[in-house]
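The structure appears right after this line, and notes come after that.
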Amino acid sequence: MATQQKTLQSQELGLSEPGFRQGLSTFRAQIKKQFIVMKRYPIAFITSFAMVFIILMVFILAATLFTPKGAGDDVGIKSGVIAGTMFYGFCLFMFTSDTFWTIGNSMRMEQYQGTLESLFLTPANKFTDLASRITIIVFWTGLNTVLALLLIDYIIADIPFANFETAIIVLLFTLLGTFGIGFFMAGLGIRLKESSELLANMLQFFVLILCAMFFPFSVLPEPVLVISRLIPLSYGVDLFRSTMMGFPSGYPELASTQTEWVIVVAFGIIMPIAGFLFYRWSVYRQRAKSGISDY
Amino acid sequence: MSTPMVAMPSSRGEAFHSKNLGLSAQGWRANLSIAWAVFIARMRTIRRYKGFLIMEILLPTLFAALPILLGNAIAGSSKQAAANFQDHTKTASYVAYMIIGANVFMMVSGAMWNFGMWMRREQQTGTLESLLLSPASKAAILSGTALYISIRTSISFFIAFIFGCLAFGVPLEEIFAGNILLALIFIYIGMIPVYGLSFLFGALIMEIKEASSLVNLLQWVISLLMGIFFPITILPSWLQFVAKIFPPSWMNNDVRSSLLDLSYFMGSWYLDLAVLFAFCLILPMVGLWIFSRAEKHVKRNQGLGQF
Chain A
1 MATQQKTLQS QELGLSEPGF RQGLSTFRAQ IKKQFIVMKR YPIAFITSFA
51 MVFIILMVFI LAATLFTPKG AGDDVGIKSG VIAGTMFYGF CLFMFTSDTF
101 WTIGNSMRME QYQGTLESLF LTPANKFTDL ASRITIIVFW TGLNTVLALL
151 LIDYIIADIP FANFETAIIV LLFTLLGTFG IGFFMAGLGI RLKESSELLA
201 NMLQFFVLIL CAMFFPFSVL PEPVLVISRL IPLSYGVDLF RSTMMGFPSG
251 YPELASTQTE WVIVVAFGII MPIAGFLFYR WSVYRQRAKS GISDY
Chain B
1001 MSTPMVAMPS SRGEAFHSKN LGLSAQGWRA NLSIAWAVFI ARMRTIRRYK
1051 GFLIMEILLP TLFAALPILL GNAIAGSSKQ AAANFQDHTK TASYVAYMII
1101 GANVFMMVSG AMWNFGMWMR REQQTGTLES LLLSPASKAA ILSGTALYIS
1151 IRTSISFFIA FIFGCLAFGV PLEEIFAGNI LLALIFIYIG MIPVYGLSFL
1201 FGALIMEIKE ASSLVNLLQW VISLLMGIFF PITILPSWLQ FVAKIFPPSW
1251 MNNDVRSSLL DLSYFMGSWY LDLAVLFAFC LILPMVGLWI FSRAEKHVKR
1301 NQGLGQF
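Here the protein sequences come in this chain order: A and B.
Note that the working numbering gives residue 93 to position 93 of the first sequence, counting from 1, and the numbers run on in steps of one.
To get the working numbering, take the position in the second sequence, counting from 1, and add 1000.
If you want it as structure tokens, here you go:
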């Protein structure tokens, strides 16, 4: 007992000392837990890689049907701008889709397995618990993205690749905003239970179309484009791919570069805070109502 | 006080026997009753989640929108997209082509997903073990589930198909100019081997448990093999061979051929139908056999309740 207490105190893990080091230690432990859970299902490793390739193949094959027969290397799907628009949009789609699913779904799994309530009864920080669930997304989806880039570059065309450092900053803010949506989804998952999966599924398809992740915004019908302009994530998609492609003619499509920067930065700052506040409120409300272990 | 206590089990027992539901007399009526009970139970469950039904109607249209809009972007205009598409597929109706593909895919995927996820959910909520340990016939339970899935996917298919045509402005006369009766025959005959595949899918989920990632992957594999947005003739020859031993590829191509006047795999509709019939004879039996083997294997090892 005494030795255990000493170890806890040396790591600042005692309940009486909720300092920065203790927070960091808890966060590290929470991330480790996520990786351990992930390691238990090796099939998920293989399938996530394979799925990216197959999705891309399905859309590349469909796209070839719209390319004139006998066209040269810079026409249709082989055109760098079209390939870049499709691929960079797809990268963001992978992150968005995983965020919508992973955070909420992992909370839901804990609910099913009966560990969610005990997790909430521990004094561990709730924000770091939520944030630790993001690490899997950043790690795996990031790796998938790089592999997909190599695949597209090999199969279709040389994708335009410019302003990498600036594009990473755009990606960072866009992802922060997306994680905020993920926090919202986790909060909704606690409250809506079974229907939250449906919501995540629907939302990812709506986002795929409305944020024009597979095609330029210019092909969207005008009424749909109005809705697209109301979604901050659309500006993240537009600015990210425009930056990566070196701002080809007609890009960015939705607004000027400066305006898109303002929207993307605001999205990246406000959304995670708002998402977490909503999540915390949902949890408190659910605990007061019927407990969070009910599923 | 004691009279009803004695009379109750006796009358219930009689009622069971009269319905052939006694454990010792599991006749066809009992099996039919079990299948019907499973069907009703699943219908009651889905009534609680109306959002799923709405999604099943919206999803094929949203899914079909992706290649349609991508095609318009690549070709530069819808007119040029139609011309380019015709050069590759012999039809300019690329919107109808994509809508048919997306709807048939949703039907196939729905059958497999609903079955697989039903098993997984029963496993997670702890009812699978008791369900499969009951003396009810597994074939009757699976038939009830298959009946539920076929009714659910059929309703969604027709509503989603019409919704998709309206959303993209496809003139319905363009669709109705095709052989609708033949398309319906292909859909319903084609779904029988799909149920066989879904039993295989159930067996897989029982064995590997945390199968959601595999289910997601398999859905995309299905879409690739059945040529959801393209004719399978553009696939490499080895993949075409794999696609041709996969019944949904035939179903999808035949529905498109009958509605859009495209060519059949075997040259005529009755030969394609004969191939689908052959799948109908083989796959459900193989699926059921593998499912039973997987069930026995899991029961012998860690049990069905583990997840």
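No residue lacks a Cβ here, since even glycine has one placed at the ideal position from N, Cα and C.
{"Query": "Could you tell me which of PRO123/A, ALA167/A, LEU210/A and PHE214/A sits nearest to GLU222/A, measuring between CA atoms?", "Result": "LEU210/A"}
{"Query": "Given that a residue counts as buried once 16 or more other Cβ atoms are within 10 Å of its Cβ, and exposed if not, what is MET1005/B?", "Result": "Unreliable placement is indicated for MET1005/B, whose pLDDT of 42 sits below 50; the coordinate value is still reported in the next sentence. The residue is exposed, with fewer than 16 neighbouring Cβ atoms inside 10 Å."}
{"Query": "Establish whether the CB of VAL283/A and some CB of chain B are separated by less than 8 Å.", "Result": "no"}
{"Query": "Can you tell me the Cβ-Cβ gap for ALA1183/B and VAL1275/B, rounded? I've got them flagged as a contact below 8 Å.", "Result": "Actually they do not touch by this definition, with Cβ atoms about 16 Å apart."}
{"Query": "Just to make sure I have the definition right: I need the residues of chain A whose C-beta is within less than 7 Å of the C-beta of MET1055/B. Which are they?", "Result": "LEU198, ASN201 and MET202"}
{"Query": "For VAL226/A and PHE59/A, what's the separation of their Cα atoms in angstroms?", "Result": "26 Å"}
{"Query": "Pull up the distance between the alpha-carbon of GLN1219/B and that of ALA255/A, whole angstroms please.", "Result": "37 Å"}
{"Query": "Once DSSP output is grouped into helix, strand and coil, what is the label at ASN1301/B?", "Result": "coil"}
{"Query": "Under a CB-based cut-off of 8 Å, is TRP1250/B close to chain A?", "Result": "no"}
{"Query": "When you compare the CB of PRO1135/B with every CB in chain A, is at least one pair closer than 8 Å?", "Result": "no"}
{"Query": "Taking the beta carbon of LEU1021/B as the centre, do at least 16 other beta carbons fall within 10 Å, making it buried, or is it exposed?", "Result": "Unreliable positioning characterises LEU1021/B in this predicted model, as indicated by a pLDDT of 49, which lies under 50. The coordinate reading is nonetheless provided below. Its Cβ being crowded by 16 or more others within 10 Å, LEU1021/B is buried."}
{"Query": "State yes or no: is the beta carbon of ASP1087/B nearer than 8 Å to at least one beta carbon in chain A?", "Result": "yes"}
{"Query": "So which residues on chain B does PHE215/A lean against when the C-beta distance must stay under 7 Å?", "Result": "LEU1069, LEU1070 and ALA1073"}
{"Query": "What are the boundary residues of the alpha helix (DSSP H) that SER228/A is part of?", "Result": "222-230"}
{"Query": "Assuming contact is defined by CB atoms lying nearer than 8 Å, are GLY236/A and PHE267/A in contact in what I supplied?", "Result": "yes"}
{"Query": "Just to confirm the assignment: which complete alpha helix (DSSP H) runs, minimum length 4, are found wholly within the region 1121-1176 of chain B?", "Result": "1128-1133, 1138-1167 and 1172-1176"}
{"Query": "Anything in chain A within Cβ reach of TRP1220/B, meaning under 7 Å, just list it in chain order.", "Result": "MET51, ILE54, ILE55 and VAL58"}
{"Query": "Could you check the C-alpha separation between SER1024/B and ALA29/A for me, to the nearest Å?", "Result": "Confidence in SER1024/B is poor, its pLDDT being 49 and thus under 50, which makes the residue's placement unreliable; the coordinate value appears in the next sentence. Their Cα atoms are separated by approximately 56 Å."}
{"Query": "I want to know whether the region 183-200 of chain A touches the region 50-67 of chain A - three or more CB-CB distances under 8 Å.", "Result": "no"}
{"Query": "Taking only beta-carbon atoms, is PRO68/A less than 8 Å away from chain B?", "Result": "yes"}
{"Query": "Quick one: residues in its chain with C-beta nearer than 6 Å to the C-beta of ASP153/A, no 5 flanking neighbours on either side, listed in chain order?", "Result": "ILE159"}
{"Query": "Measure from the C-beta of MET86/A to each C-beta in chain B and report whether the shortest distance is under 8 Å.", "Result": "yes"}
{"Query": "Measure the CB-CB distance between VAL1221/B and ILE54/A and report whether it falls below 8 Å.", "Result": "yes"}
{"Query": "If you draw a straight line from the C-alpha of PRO252/A to the C-alpha of PHE164/A, how long is it?", "Result": "16 Å"}
{"Query": "Helix, strand or coil for LEU1235/B? Go by DSSP, reduced to three states.", "Result": "coil"}
{"Query": "Residues of chain B with CB under 8 Å from ALA63/A, in chain order?", "Result": "PRO1067, LEU1070, GLY1071 and ILE1074"}
{"Query": "Could you tell me if GLY1101/B is buried or exposed, where buried requires 16 or more neighbouring beta carbons within 10 angstroms of its beta carbon?", "Result": "buried"}
{"Query": "Going by alpha carbons, who is nearest to LEU1059/B out of CYS1280/B, MET1106/B, GLY1126/B and ILE1290/B?", "Result": "MET1106/B"}
{"Query": "Check whether the Cβ of PHE1163/B sits closer than 7 Å to any heavy atom of the ligand ATP, and report yes or no.", "Result": "The ligand content of the structure shown is nil, which means the ligand ATP is not present either."}
{"Query": "To the nearest angstrom, report how far apart LEU61/A and ILE263/A are at their CA atoms.", "Result": "35 Å"}
{"Query": "Please determine if the region 269-280 of chain A and the region 184-192 of chain A are in contact, where contact requires at least 3 C-beta pairs separated by less than 8 Å.", "Result": "yes"}
{"Query": "Exposed or buried, what is TRP1238/B when buried is set at 16 or more other beta-carbons lying within 10 Å of its beta-carbon?", "Result": "exposed"}
{"Query": "Using the Cα positions of GLY19/A and TRP101/A, report the straight-line distance between them to the nearest angstrom.", "Result": "32 Å"}
{"Query": "Closer than 8 Å is the cut-off here; do at least three beta carbon pairs connect the region 1189-1207 of chain B with the region 1143-1160 of chain B?", "Result": "yes"}
{"Query": "When we look at the beta-carbon of GLU1173/B and count the other beta-carbons within 10 Å, is it buried (16 or more) or exposed?", "Result": "exposed"}
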